[in-house]
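Residue numbers (UniProt numbering): 24 to 125.
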Amino acid sequence: GGAGGPGTAIITKTRTQTKKPSLYRVLLLNDDYTPMEFVVHILERFFNKDRETASRIMMHVHQNGVGECGVFTYEVAETKVTQVMDFARKHQHPLQCVMEKK
Ligand code: TYC
Numbered sequence: 024g025g026a027g028g029p030g031t032a033i034i035t036k037t038r039t040q041t042k043k044p045s046l047y048r049v050l051l052l053n054d055d056y057t058p059m060e061f062v063v064h065i066l067e068r069f070f071n072k073d074r075e076t077a078s079r080i081m082m083h084v085h086q087n088g089v090g091e092c093g094v095f096t097y098e099v100a101e102t103k104v105t106q107v108m109d110f111a112r113k114h115q116h117p118l119q120c121v122m123e124k125k
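Written out as structure tokens, the structure is:
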């Protein structure tokens with residue numbers, strides 16, 4: 024039976040929005056030249072961190088080489104990376120910002 028003829032069937036599955044968007048970590052990488060204060064400013068300006076949280080993340084990156092600024096959907100993460108990289112370049116700092124799938 025089924026609309027496609029003998030041996031066919033149409034199965035329709037209805038579900039209420041169980042698909043969650045993929046999430047991406049935005050990471051800052053350490054380098055020897057970008058001023059600590061500049062990194063703290065980046066975290067306040069683009070990741071809405073308070074000064075204390077921003078300072079803690081900056082020191083984590085300084086000591087460990089890499090650290091998480093936030094977790095976002097693809098488009099938002101991409102925008103954050105671009106904003107940070109453009110701002111760092113404008114101020115002639117070598118700061119690197121990347122995203123990775125969680
Ligand atoms: N290591 C830099 C310094 O000593 C500070 C720094 C921290 C740079 C975090 C980049 O993502 C960074 N001035």
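Beta carbons: idealized from backbone N, C-alpha and C, even for Gly.
Over the uninterrupted alpha helix (DSSP H) stretch that includes residue i, give me the two end residues.
{"i": "residue 86", "result": "74-87"}
{"i": "residue 38", "result": "Neither: residue 38 is in no alpha helix (DSSP H) and is coded neither H nor E."}
{"i": "residue 106", "result": "97-113"}
{"i": "residue 66", "result": "59-70"}
How many Å lie between residue i and residue j at the Cα?
{"i": "residue 87", "j": "residue 53", "result": "8 angstroms"}
{"i": "residue 59", "j": "residue 42", "result": "40 angstroms"}
{"i": "residue 117", "j": "residue 55", "result": "9 angstroms"}
{"i": "residue 85", "j": "residue 44", "result": "31 angstroms"}
{"i": "residue 102", "j": "residue 32", "result": "45 angstroms"}
{"i": "residue 38", "j": "residue 64", "result": "44 angstroms"}
{"i": "residue 34", "j": "residue 114", "result": "58 angstroms"}
{"i": "residue 36", "j": "residue 111", "result": "49 angstroms"}
By Cβ distance below 7 angstroms, which residues in the same chain neighbour residue i in space, the five residues on each side in sequence not counted?
{"i": "residue 72", "result": "66, 80"}
{"i": "residue 104", "result": "49, 120, 121, 122"}
With H, G and I counted as helix, E and B as strand and the rest as coil, what does DSSP make of residue i?
{"i": "residue 125", "result": "coil"}
Can you name the start and end residues of the beta strand (DSSP E) that residue i belongs to?
{"i": "residue 2", "result": "Absent from the structure is residue 2, since the part of the chain shown begins at 24 and ends at 125."}
Nearest CA to the CA of residue i: which residue from the options?
{"i": "residue 78", "options": "103, 62, 93", "result": "62"}
{"i": "residue 68", "options": "107, 84, 38", "result": "107"}
{"i": "residue 100", "options": "70, 57, 40", "result": "70"}
Ignore the nearest five residues each way along the sequence and tell me which others in residue i's own chain have a CB closer than 8 angstroms to its CB.
{"i": "residue 50", "result": "89, 90, 91, 92, 120, 121, 122, 123"}
{"i": "residue 96", "result": "44, 45, 46, 47"}
CB-CB under 6 angstroms to residue i, same chain, minus the five flanking residues each way: which ones, in chain order?
{"i": "residue 83", "result": "90"}
{"i": "residue 46", "result": "94, 125"}
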